[in-house]
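Numbering (my numbering), first residue to last: 11 to 306.
Positions of the beta carbon are idealized from the N, C-alpha and C atoms, including for glycine.
From a predicted model like this one, the values you see are computed outputs, not experimental measurements.
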């Protein structure tokens, strides 16, 4: 009888142990499941945060592209295309689930590429700005040179007149019978800027048996009403009284010592305004003629 009672007690103990172990296993499994769930939630939150950050940075890139402005139409078109591309990516990103970590990672990589592209455009714009600044500086320099020359010519005009009998004066060519004529596309005369296609400057190199004969370069400088000299390139320069100054057009002539008629043309390649224009004619480092004409 006692053996049976002890046997029953042993069975109860075993059952209690099994139940306890089962409860422990259930608690551990539930804890693991909760831990996994928390991990998944954290990963989803991280991915969602990453997605939001990518979206904000893409929006920032769109704003930066709005601020990028240049005078280069080709570059502006490229900037607009890139901005629209970013907008399209932003729209796609809205429909990417936060659970799709791989897709979000692809967009993050794409964001890095887009940043590099923007940096390259910023470098191009900075380069264009620097070049434009150099051109403005050169234009100011050319204007200052012109003003200096006008001032020097006024100061020296009396002195040059008093030396009219010198050999140097006698050997200097003169431009006579100077005319300035505006022409339209049909080579008909016009003084209206709206119809102007080119300007023709004609004159006669006077007879001179003292000056050296042979080929000579003759330069013209056309100054606009604001005194800026019209020039097609910053490299269009020649020497005058020891300085390099800009010219508008030039022509080579074979001078034989006899009176020589010639014309030099300037093809209109920039916008100009109505007013009084000034023309100076140079050869062999000397100014040989001046005239003024009006354009309406």
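Residue 232 and residue 220 have their alpha carbons spaced roughly 29 Å apart. In the structure shown, residue 195 adopts coil according to DSSP, grouped into three states. For residue 258, the CB contacts under 7 Å within the same chain, skipping 5 residues up- and downstream, are 230, 231, 232, 239, 240, 241, 276 in chain order.
Per the Cβ contact rule, the region 243-254 is not in contact with the region 266-276 (fewer than 3 Cβ pairs under 8 Å).
Only residues of its own chain outside the window of five on either side were considered, and among them 190, 287 have a CB closer than 6 Å to the CB of residue 303, listed in chain order.
Taking a C-beta distance under 8 Å as the contact criterion, residue 282 and residue 211 do not qualify as a contact pair. In terms of Cβ geometry, residue 201 and residue 278 do not form a close pair [threshold 8 Å]. The alpha-carbon separation between residue 99 and residue 85 amounts to approximately 21 Å. From the listed residues 226, 268, 290, the smallest Cα separation to residue 255 is found for 290. Straight across, the Cα-Cα distance linking residue 129 with residue 245 is about 32 Å. Non-local beta-carbon contacts of residue 217 in its own chain, meaning distances under 6 Å to residues more than five positions away in sequence, involve 268, 269 in chain order. If you ignore the 5 residues before and after residue 292, its C-beta comes within less than 8 Å of the C-beta of 228, 229, 230, 231, 248, 250, 257, 298, all in its own chain and listed in chain order. Taking C-alpha positions only, residue 213 is separated from residue 264 by approximately 15 Å. For residue 235, the closest C-alpha among the options 188, 66, 284 is that of 284. Annotated as proximal: residue 64 and residue 118, with beta-carbon spacing under 8 Å. Only residues of its own chain outside the window of five on either side were considered, and among them 194 have a CB closer than 6 Å to the CB of residue 205, listed in chain order. The three-state reading of DSSP puts residue 76 in helix, counting H, G and I together.
Burial of residue 209 is indicated by the presence of at least 16 other C-beta atoms within 10 angstroms of its C-beta. The beta strand (DSSP E) runs lying completely inside the region 251-294 and spanning 3 residues or more are 253-256, 259-265, 270-277, 285-293, given in chain order.
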